[in-house]
Every structure is written in C-alpha cells, then in structure tokens.
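Heads up: the sequence lines are chains H and L, in that order.
Be aware that the first sequence starts at 2, since it is given in the numbering used here, and climbs by one per residue.
Be aware that the second sequence starts at 15, since it is given in the numbering used here, and climbs by one per residue.
From the three backbone atoms N, C-alpha and C, an ideal C-beta is built for every residue, glycine too.
Only a predicted model underlies this, so the values are computations on that prediction, with no experimental measurement involved.
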Amino acid sequence: MRQPLARELHDLIERGRDRQLRLAVTGLSRSGKTAFLTSLVNQLRHVGLEARLDLLPAARQGRLLGARRVNQQDLGVPRFPYDQAMAALAETPPRWPEPTRGISELRLVLRYRPAKRGWLGSESRQLTLDLFDYPGEWLLDLPLLAHDYPSWCRSQEALAGEQRRAHFAAWHTAVEALDPAAEADEAHLAEIAEHYAEGLRAAREAGFADLQPGRFLLPGDLAGAPVLQFFPLPAVAEADPGALATLPPESNYATLARRFAYYQQHIVKPFYRDHFRRFDRQIVLVDLLGALNAGPERFQDLSRALANLMQSFDYGKRSLLSRLFAPRIDRLAIAATKADHVTPEQHPRLVALLEALLAEPLKDLRFASVPVRALSLAAIRASEAREVEHRGQRTPALRGTGLDGEPLLLYPGEVPERLPDDAFWARQGFAYPAFRPLTLEGGALPHIRMDAALDWLIGDKLI
Amino acid sequence: MTEPRDPRPGRRFTLEEPPHDRPRADDPRPAEPFDADLPSQALSSPDDQAAADALEACLAPPRRRRWGLLALLGGSLGLGALEAGLTLQAASLGGDWLAGAWSLLLLLALGLGGRALLRELWRLRRLRRHERLRERLAALPDAETRAAMASAEALREGLGMDEDHPHWQGFVAARQAHHDGRDIQLLLDHHLLAPRDREARRLISRMSGETAVMVAVSPLTLVDMALVAWRSLAMIDRLCRLYGLELGYAGRLRLLRSVLYQMAFAGATEMAGEAGMDMLSLNLAGRISARAGQGLGIGLLSARLGLRTQRLTRPLPFTTQEAPRMSDLRSELWQQLRRLEARDSPDARR
Numbered sequence: 002m003r004q005p006l007a008r009e010l011h012d013l014i015e016r017g018r019d020r021q022l023r024l025a026v027t028g029l030s031r032s033g034k035t036a037f038l039t040s041l042v043n044q045l046r047h048v049g050l051e052a053r054l055d056l057l058p059a060a061r062q063g064r065l066l067g068a069r070r071v072n073q074q075d076l077g078v079p080r081f082p083y084d085q086a087m088a089a090l091a092e093t094p095p096r097w098p099e100p101t102r103g104i105s106e107l108r109l110v111l112r113y114r115p116a117k118r119g120w121l122g123s124e125s126r127q128l129t130l131d132l133f134d135y136p137g138e139w140l141l142d143l144p145l146l147a148h149d150y151p152s153w154c155r156s157q158e159a160l161a162g163e164q165r166r167a168h169f170a171a172w173h174t175a176v177e178a179l180d181p182a183a184e185a186d187e188a189h190l191a192e193i194a195e196h197y198a199e200g201l202r203a204a205r206e207a208g209f210a211d212l213q214p215g216r217f218l219l220p221g222d223l224a225g226a227p228v229l230q231f232f233p234l235p236a237v238a239e240a241d242p243g244a245l246a247t248l249p250p251e252s253n254y255a256t257l258a259r260r261f262a263y264y265q266q267h268i269v270k271p272f273y274r275d276h277f278r279r280f281d282r283q284i285v286l287v288d289l290l291g292a293l294n295a296g297p298e299r300f301q302d303l304s305r306a307l308a309n310l311m312q313s314f315d316y317g318k319r320s321l322l323s324r325l326f327a328p329r330i331d332r333l334a335i336a337a338t339k340a341d342h343v344t345p346e347q348h349p350r351l352v353a354l355l356e357a358l359l360a361e362p363l364k365d366l367r368f369a370s371v372p373v374r375a376l377s378l379a380a381i382r383a384s385e386a387r388e389v390e391h392r393g394q395r396t397p398a399l400r401g402t403g404l405d406g407e408p409l410l411l412y413p414g415e416v417p418e419r420l421p422d423d424a425f426w427a428r429q430g431f432a433y434p435a436f437r438p439l440t441l442e443g444g445a446l447p448h449i450r451m452d453a454a455l456d457w458l459i460g461d462k463l464i
Numbered sequence: 015m016t017e018p019r020d021p022r023p024g025r026r027f028t029l030e031e032p033p034h035d036r037p038r039a040d041d042p043r044p045a046e047p048f049d050a051d052l053p054s055q056a057l058s059s060p061d062d063q064a065a066a067d068a069l070e071a072c073l074a075p076p077r078r079r080r081w082g083l084l085a086l087l088g089g090s091l092g093l094g095a096l097e098a099g100l101t102l103q104a105a106s107l108g109g110d111w112l113a114g115a116w117s118l119l120l121l122l123a124l125g126l127g128g129r130a131l132l133r134e135l136w137r138l139r140r141l142r143r144h145e146r147l148r149e150r151l152a153a154l155p156d157a158e159t160r161a162a163m164a165s166a167e168a169l170r171e172g173l174g175m176d177e178d179h180p181h182w183q184g185f186v187a188a189r190q191a192h193h194d195g196r197d198i199q200l201l202l203d204h205h206l207l208a209p210r211d212r213e214a215r216r217l218i219s220r221m222s223g224e225t226a227v228m229v230a231v232s233p234l235t236l237v238d239m240a241l242v243a244w245r246s247l248a249m250i251d252r253l254c255r256l257y258g259l260e261l262g263y264a265g266r267l268r269l270l271r272s273v274l275y276q277m278a279f280a281g282a283t284e285m286a287g288e289a290g291m292d293m294l295s296l297n298l299a300g301r302i303s304a305r306a307g308q309g310l311g312i313g314l315l316s317a318r319l320g321l322r323t324q325r326l327t328r329p330l331p332f333t334t335q336e337a338p339r340m341s342d343l344r345s346e347l348w349q350q351l352r353r354l355e356a357r358d359s360p361d362a363r364r
C-alpha cells in the first residue's frame with residue numbers, strides 16, 4: 002500500500018511542476034488511434050536521427066534528445082502493443098496493425114534541452130507523456146452517462162434513419178411484440194438483446210458510428226452476462242413516465258431499466274473514472290474520408306456521435322490547483338486522419354470539411370476559451386504524392402499499393418468543402434482508395450504532419 | 015341666459031386612401047420583384063483596396079522624380095561626349111595634338127563617370143529587387159506550393175548559395191510534398207536564415223564592442239566622431255552583404271536614411287522601455303571611468319543601429335520571440351569594457 006502512495010505523490014509533484022502530461026487520443030473505431038500512437042512513439046524514439054519532425058521547433062533545433070518507454074504506473078493495465086504493431090508494419094508484405102480490443106497504457110519520457118536555461122535548470126529536462134489506447138467502440142458509452150433509461154430509449158428512437166433501420170429489422174420485429182408491462186422472460190430478453198447486438202455489428206460493418214452501448218460490439222470478458230442483455234424499448238418513447246414508474250419490478254421495463262442502470266454504474270462509470278477524467282491535452286481523430294465513402298446518412302451519424310462525445314470531457318483553462326486536483330483539457334487538436342489518401346492540395350479542403358463537421362462542438366469550445374487547432378494528418382503515410390502528365394495536363398496523383406497488393410497510381414478525387422447535397426450523392430458519390438502501408442526501410446515511419454500535431458499538443462512544454 | 019348647448023354630435027371621417035400610383039419623393043422605395051432567372055452577380059464589396067491605396071499615397075512622402083537632375087546629368091554627359099568627339103576629330107584633322115589629348119582625357123573621364131552612374135543605378139535596382147523578394151517571402155503563407163518553391167529558389171540565389179550549399183541541402187531534405195506555404199516559410203527561416211542571423215549577431219556584438227573600446231581609449235573627440243561614422247557604415251555594409259544585398263552609394267544612403275528613420279520613430283518606444291537599463295549600465299560604467307561610460311554609450315548606439323539594419327534587411331521579418339534583443343548585447347558590451355578596465359587599472363596604479 003505504501004508504494005502506490007509514494008508513486009501518487011511523485012506524480013502529484015511532477016504535475017505540479019508541469020512536467021507530466023496526459024494525452025487523450027480520442028477517436029471512434031477505425032479512426033486510426035493505434036496507428037497514431039504507434040507513429041507517435043516511433044517518431045519520438047527516432048527524433049534527431051531519422052525522424053523528420055521539422056515542424057516541431059524543439060526537434061528542428063535539435064533540442065529534443067529522444068524518448069524512452071518506461072513502466073507505466075498502473076501495473077494492472079496491459080502495455081500498449083507497440084512492438085507488435087511495428088512487427089506488423091515490418092512484415093512482407095506490410096500490413097496495418099491489429100485493431101485494438103482492450104485497454105492499454107504507455108508512458109514515454111521525453112528528454113530535451115531547454116531553449117533558455119533557468120535558474121535551477123540543469124542541462125536537460127524531462128517531460129513524461131502518458132498515453133492510453135482503448136477500443137473506439139467503448140468511447141460512445143461516455144455520452145450514455147448523461148441519460149436514464151427512458152431518455153436513452155427516446156434518443157435511440159430519434160436516430161433511426163432509413164439505412165440504419167434496415168440493419169435492425171430482426172430486432173424491430175422482435176421488440177414490437179414485447180409488452181413492457183409483462184413479466185420478464187430471461188431467455189426471451191437474451192434473444193432480443195442478441196438481435197440488437199447483431200444489428201449494432203451490422204451497422205458498424207456498414208460504416209455507422211453512433212452505436213450504443215459500445216460493449217455490445219466488443220464485450221471483452223462480459224460476454225453472456227445479463228448486464229449486456231438490454232436494449233431500448235421503442236414503446237417507452239410514447240409512454241407516460243408516471244405509468245412506467247409504477248410497473249412491477251419483475252416487468253420487462255423494470256428489468257431492462259435495472260440492467261441499463263447497472264451498465265451505467267458498474268461498467269461505464271469506472272471506465273470513465275479510471276481513464277477519461279484526468280487529461281491535459283486531447284486530440285480527436287476523425288476518419289472523414291471513410292465517412293464520405295460510406296454516404297450521407299453515415300456522415301450525419303458520425304457528426305452526431307462526435308458532438309455527443311465531446312460533451313463528455315472537461316475543457317477549460319488550467320491553473321496550478323486545477324492541474325493538481327481536477328485536470329482539464331486546456332488544448333485540443335482535431336485531426337482528419339488518413340490524409341495520405343488524397344493529394345496534398347486537397348488537405349486544406351479536408352480541414353475545412355472537418356471544421357464544418359464539428360461546427361457545434363467548436364462553438365462550445367470557443368465559449369470555454371480552449372484553443373483548438375484543426376489539421377489533416379497521416380500518422381503512417383501509405384502513399385507517395387506524385388504528378389502525372391495526362392491528356393496534356395499535369396495533374397497530381399498518388400502512388401501506393403492497394404490492400405490486395407496491386408500497385409496503384411491514381412487521382413483519388415477532390416474533397417468537398419462542405420457536405421454535398423443529395424443530388425450529388427445520387428449522381429457521383431466518393432470512392433477514396435485504401436492503401437496498405439509502405440515497405441519499411443529502416444528508420445522512422447513516414448508521416449504527414451505528425452510533427453505539426455505534436456507541436457500543438459506538447460510543443461509548449463518543450464521550451 | 016344662454017340655452018344649454020347640445021353636445022356636439024359625433025361625426026364620421028372617411029379614411030382617405032393614400033394614392034398608390036404616385037409615390038412621393040421621400041417615401042421608402044417599394045419592393046420590386048425580379049425574375050428568378052435574371053443573371054445576378056455577387057454584391058460588389060466597397061472598394062477597400064483602392065481606398066487603402068489612396069490613403070497610403072496621401073500618407074507616404076511625395077515621391078520626387080528628379081527628372082531635372084537626370085536631364086542635366088544625362089545631357090551634360092552626352093553633350094560633353096559629343097563636344098569632345100568633335101574636338102578630337104578637328105584636332106586630328108588640324109594637327110592640334112594638345113587639344114586632342116585634352117579631349118581624349120575628357121572622353122575618358124566622361125566614360126568613367128557614366129560607368130559609375132550606371133553601376134549605381136544597377137545597384138539601386140538590386141535594392142528594389144531585394145524589397146520585392148521581401149514582399150514575396152512575406153506573402154508565402156498564402157502562396158501555392160509551386161510558387162512558394164519558386165520564392166525559396168529566389169531567396170537562395172539572393173543569399174548567394176549554390177545548389178550544393180549545406181544549408182540549402184538541409185532545407186531540401188526537410189521539405190515534404192505536403193508542406194504548404196507557411197511550412198516552407200518556417201523551414202526557410204530555420205535552414206537558410208538562422209545561420210546568417212547567428213553570424214549577424216556575432217558581427218554586431220563584435221563591431222559595437224570594438225567601437226566602444228576604441229572610443230574609450232581614443233584621446234580626441236574629432237577622431238571619435240570619424241571613427242564611429244566609419245565603423246557604423248562598415249557594419250551596415252557587412253550586414254547587408256550577409257543578407258545578400260550589395261549596396262551602392264545611393265542605396266547605402268537610402269538604407270541609412272530608413273534605418274535612422276526607424277530608430278527615430280519605430281525605435282523610440284523600445285528605447286524608452288530600455289532607457290532605464292541603459293542609464294543604469296552607463297552609470298555603472300561611469301563609476302569605473304568617464305571614458306568607459308562614453309564608450310559604452312557609443313557601443314549601445316552602434317549595436318542598436320546594427321539591430322535595426324538587420325531587421326530592415328533580413329529577407330523574412332523576425333517573429334516576435336526570436337528577434338534579437340538589446341539586452342543580450344548589452345551584457346556582452348559591458349563584459350568587453352570591464353576587461354579593458356581591468357587591464358587598464360593596474361597600469362594606471364603603477
């Protein structure tokens with residue numbers, strides 16, 4: 002018991018001196034969190050040698066000496082599988098790292114020379130960077146904390162778009178026959194919950210993002226437990242709340258509400274408390290191109306999911322006290338990932354589209370006076386920007402290898418600056434290609450604007 | 015006795031309809047629907063640019079084209095050459111060798127004068143080109159990648175680097191396909207200009223220190239003045255060459271004028287802010303000796319002149335954090351004078 006206390010104290014002192022940062026890498030599933038973290042560790046590991054981090058002033062001026070992985074403080078949490086991810090990238094042919102299936106942590110110690118030596122400053126200083134990876138599916142449980150069961154049912158009912166409803170057809174027919182007031186039948190409820198989980202999985206495959214509850218998609222060690230056997234009741238949306246409250250405890254409604262409350266209290270809350278409360282900096286990764294590929298309904302879905310999500314974090318200015326006892330996010334980056342899948346001159350439009358997508362949360366952040374920067378990045382660049390002469394005109398192009406190994410040289414298409422209207426989707430739509438990673442040639446991973454992101458997130462601590 | 019009067023009966027007024035067909039001159043303009051297919055263009059914004067230009071033209075000192083002077087110079091050169099040529103011809107015909115030699119000499123002098131004039135004009139043009147380069151580099155953040163690279167090439171040529179220069183090579187290695195104009199500006203600043211900045215700072219520190227020491231040890235005021243003028247001009251010249259600017263006589267005058275102008279107006283606030291520190295160090299130096307105090311004062315002035323010149327000639331403007339500051343130079347100056355005094359005082363005692 003003594004050692005954790007000492008460790009806590011050490012952390013407290015480090016935080017007080019502002020030598021420790023906790024970085025939240027936030028993103029829905031398949032937005033590139035694992036690639037971002039792998040690349041971040043890789044770049045910082047190779048800084049000053051092969052890594053090209055020219056937009057990070059400390060690295061450009063040669064003051065950043067390097068980084069080392071150290072043992073994280075919580076020994077109960079697995080370490081971030083950096084070596085496995087690098088091994089996947091180094092295979093022939095290279096492949097993308099496996100998607101995350103559980104929580105993992107990572108602690109990096111950066112060593113740098115301060116630009117100006119202070120009174121007590123030594124030759125070099127250290128900055129501890131805490132990172133943490135988790136399945137993006139679980140992230141959407143955080144907005145769940147703001148609901149009770151009836152309001153959750155109503156919010157889920159409001160989501161139903163045409164394509165989304167199609168995935169839940171089996172569940173809809175099953176749940177329509179269910180009477181909220183009838184006595185609960187365990188097996189029957191489990192069956193309907195399974196239909197619901199299947200619907201969620203199908204919707205995820207189809208590219209939808211706003212999928213609650215997240216554990217239904219990746220149950221971890223909870224598979225089969227009754228806590229994962231609940232679902233929204235569409236009938237509740239129209240019912241009178243007073244009448245619902247008087248239903249007997251063994252009714253369907255009361256059983257589902259109890260499970261929902263248990264899920265909130267015993268699964269989501271600990272997850273939030275242990276991992277999401279104490280952040281200083283945040284980067285929100287958004288796979289815009291994937292959403293554009295999937296179509297307008299899924300794009301709206303993504304926008305809603307992100308807006309809900311960003312309400313779950315504390316933003317605000319930091320002071321010494323808040324740094325120690327109630328850390329808040331005082332700087333935020335929003336990034337459109339996979340920028341290597343479009344040609345470089347489209348990057349400004351990608352950023353404009355990202356800002357349009359997050360317009361509402363950005364207004365709240367502006368109100369909280371939190372500095373935000375929007376950028377486009379590719380944590381692991383998988384293509385090469387070229388130029389081709391085609392029908393007498395020079396046009397930019399990308400060269401890379403497709404996922405199934407065929408070489409590609411193409412112009413992937415423009416990115417719209419705002420979401421196009423329905424007629425455009427019917428007419429053309431988007432089809433951005435997918436690339437597999439470039440063959441690793443020793444040294445650092447190629448990237449696009451990882452250095453700019455790092456500068457925004459930690460650059461002010463490396464002075 | 016008057017009869018009580020009946021109350022006045024009610025009376026109905028007719029509401030007179032205002033005439034619709036004839037709007038009066040002071041009425042607001044009525045609505046006017048247009049056909050939806052009528053072509054329309056974006057509402058033209060008020061002509062801000064023209065207004066700004068006009069304002070600038072008003073505020074800027076009037077640009078004097080010295081046509082008279084130019085005509086006088088060109089005319090006398092041309093006419094003199096013609097006259098000398100005619101005389102030479104006449105002399106060769108008439109056998110008046112002395113007059114021929116004189117006119118030959120005159121032709122030579124005119125040729126030399128013309129060449130000096132042309133070179134001066136050429137260098138003035140280079141100064142103007144340098145100003146254009148500064149404008150181009152300042153507009154880099156909005157530039158396209160291709161245009162930004164062209165500006166980078168222009169800067170490389172302006173600084174007199176060839177393709178294999180290590181600084182340029184560093185820039186080329188750092189540049190990536192996805193960098194936009196702002197990133198390129200950052201990289202140029204770091205790879206091409208930062209080494210020159212370090213050199214410039216060393217130069218200013220050394221030369222102002224030397225000036226300070228010279229003034230402190232020289233016995234005559236008149237010599238002091240000449241010395242300071244000569245050293246300052248030399249410093250400006252070398253700073254300009256460092257940033258790829260070769261100055262002629264007129265260019266030097268023009269630059270010196272704008273440097274002094276900057277120091278008088280733009281630099282006044284900065285000076286006022288630092289005056290306290292300057293006074294303090296002068297006071298300290300005055301304790302050691304009056305001559306050291308004088309030297310420090312001149313050294314500070316010279317360093318300030320150097321910094322202003324650097325700020326004016328650097329192809330990219332400094333960002334606020336990295337701009338060199340007086341306070342760094344002051345301590346170095348102080349150190350140099352202290353060393354001088356320390357060497358001086360044992361001799362004095364002996």
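- Alpha-carbon spacing of A188 (chain H) relative to Q230 (chain H), whole angstroms: Near 10 Å, if we compare the C-alpha coordinates of Q230 (chain H) and A188 (chain H).
- Message: Check whether chain L comes within 8 Å of R450 (chain H), counting only Cβ atoms and requiring the distance to be less than that.
- Response: Closer than 8 Å to some Cβ of chain L, the Cβ of R450 (chain H) qualifies, so yes.
- Query: For D55 (chain H), which residues in chain L fall below 7 Å Cβ to Cβ?
  - Reply: The contacting residues are A188 and L201.
- Expected contact under 8 Å - CB spacing of L455 (chain H) and A91 (chain H) to nearest Å: Contact doesn't hold; Cβ gap of about 23 Å is too wide.
- Is it true that the CB of L212 (chain H) sits closer than 8 Å to the CB of L234 (chain H)? Not in contact: L234 (chain H) and L212 (chain H) (Cβ atoms no closer than 8 Å).
- Message: Per DSSP, what are the beta-bridge partners of D275 (chain H) in this structure?
- Response: Its beta-bridge partners do not exist; DSSP assigns none.
- Item | Inter-residue spacing [alpha-carbon to alpha-carbon] between S384 (chain H) and E346 (chain H) | About 15 Å.
- Give a yes or no on whether the minimum CB-CB distance between H192 (chain L) and chain H is below 8 Å. Cβ-Cβ to chain H under 8 Å: yes for H192 (chain L).
- Message: Which residue marks the beginning of the beta strand (DSSP E) containing Q164 (chain H), and which one marks its end?
- Response: According to the DSSP assignment, Q164 (chain H) belongs to no beta strand (DSSP E) but to the alpha helix (DSSP H) extending over E163 to H168.
- Query: Can you round the beta-carbon distance between M451 (chain H) and Q44 (chain H) to whole angstroms, since I take them to be within the 8 Å contact cut?
  - Reply: The pair is a contact, with the Cβ atoms about 6 Å apart (cut-off 8 Å).
- Message: Using the Cβ count rule (16 or more neighbours within 10 Å means buried), how would you classify L245 (chain H)?
- Response: Buried.
- Query: Between the C-alpha atoms of Q265 (chain H) and G443 (chain H), what's the straight-line distance to the nearest angstrom?
  - Reply: A direct Cα-Cα distance of roughly 46 Å separates Q265 (chain H) from G443 (chain H).
- Task: Compare the C-alpha of S162 (chain L) against each of L:G195, L:A85, L:D110 and L:S106 and name the closest.
- Result: Before going further, note that residue 162 (chain L) is Ala rather than Ser in the sequence given. Checking every option, the nearest Cα to that of A162 (chain L) belongs to L:G195.
- Task: Give the range of the alpha helix (DSSP H) segment to which D149 (chain H) is assigned.
- Result: Annotation: D149 (chain H) is outside any alpha helix (DSSP H) and is labelled neither H nor E by DSSP.
- Can you tell which of H:L24, H:K34, H:H11 and H:D19 has the C-alpha that lies nearest to the C-alpha of T338 (chain H)? Measuring from the Cα of T338 (chain H), the nearest candidate turns out to be H:K34.
- Give the secondary structure of T101 (chain L) by DSSP, where H, G and I count as helix, E and B as strand, and everything else as coil. It is helical.
- Message: Using the three-state DSSP reduction, which class does I218 (chain L) fall into: helix, strand or coil?
- Response: Helix, per DSSP.
- Contact list for H204 (chain L) against chain H, beta-carbon separation under 9 Å: Near H204 (chain L) (Cβ distances below 9 Å), the residues of chain H are D55, P58, R61 and Q62.
- Task: Could you confirm whether any beta carbon from chain L is found closer than 8 Å to the beta carbon of H391 (chain H)?
- Result: Taking Cβ atoms only, chain L never reaches closer than 8 Å to H391 (chain H), which makes this a no.
- Query: Taking the runs of the beta strand (DSSP E) that are 3 residues or longer, which of them lie wholly in the stretch 118–183 of chain L?
  - Reply: As summarised for the stretch 118–183 of chain L, there are no continuous beta strand (DSSP E) elements at least 3 residues long confined to that stretch.
- Message: 8 Å is my cut-off, CB to CB: does A487 (chain H) come that close to chain L?
- Response: Missing from the structure shown is residue 487 (chain H); chain H here goes from 2 to 464 and no further.
- Which word fits M221 (chain L), buried or exposed, when buried means at least 16 other C-beta atoms lie within 10 angstroms of its C-beta? M221 (chain L) should be labelled buried.
- Contact set between D197 (chain L) and chain H, taken where Cβ atoms lie within less than 7 Å: In chain order: L56.
- Message: Strictly below 7 Å CB to CB, what residues from chain L border H348 (chain H)?
- Response: What H348 (chain H) touches in chain L: H192.
- Tell me where the alpha helix (DSSP H) around S304 (chain H) begins and ends. Segment P297 to M311, the alpha helix (DSSP H) holding S304 (chain H).
- Message: Let me see if you follow: with CB-CB separation under 8 Å, is A362 (chain L) close to chain H or not?
- Response: For A362 (chain L), the pLDDT reaches just 46, beneath the cut-off of 50, and the residue's location in the model is therefore unreliable, although a value from the coordinates is still provided. Residue contact check for A362 (chain L) against chain H: no CB pair falls below 8 Å.
- How many whole angstroms separate the CB atoms of L56 (chain H) and A453 (chain H), which I take to be in contact at a CB cut-off of 8 Å? Correct: roughly 5 Å between the Cβ atoms.
- Integer Cβ distance of H276 (chain H) from Y135 (chain H), believed to fall under 8 Å: H276 (chain H) to Y135 (chain H), Cβ: 7 Å. Contact.
- Message: Let's see if you can read the secondary structure: which residues bound the beta strand (DSSP E) around S54 (chain L)?
- Response: Note, S54 (chain L): premise wrong, no beta strand (DSSP E); not H, not E.
- Own chain residues within Cβ distance below 7 Å of R20 (chain H), not counting five before or after: Q127, L128 and T129, listed in sequence order.
- Looking at the C-beta of P345 (chain H), does it have a partner C-beta in chain L at a distance below 8 Å? Cβ-Cβ to chain L under 8 Å: yes for P345 (chain H).
- Message: Taking the straight line between their C-alpha atoms, what separation do you get for E310 (chain L) and D211 (chain L)?
- Response: It should be pointed out that residue 310 (chain L) corresponds to Leu in this sequence rather than to Glu. Cα-Cα distance, rounded: 24 Å.
- For G494 (chain H), which option in H:P227, H:P249, H:A224 and H:Q164 has the closest C-alpha, if you only look at C-alpha atoms? Here chain H has residues from 2 to 464 only, and residue 494 (chain H) is not among them.
- Item | Segment limits, alpha helix (DSSP H) that includes D84 (chain H) | Start and end: Y83 to A91.
- Looking only at DSSP bridge pairs, what is E390 (chain H) linked to? In the DSSP assignment, E390 (chain H) forms a beta bridge with H:R395.
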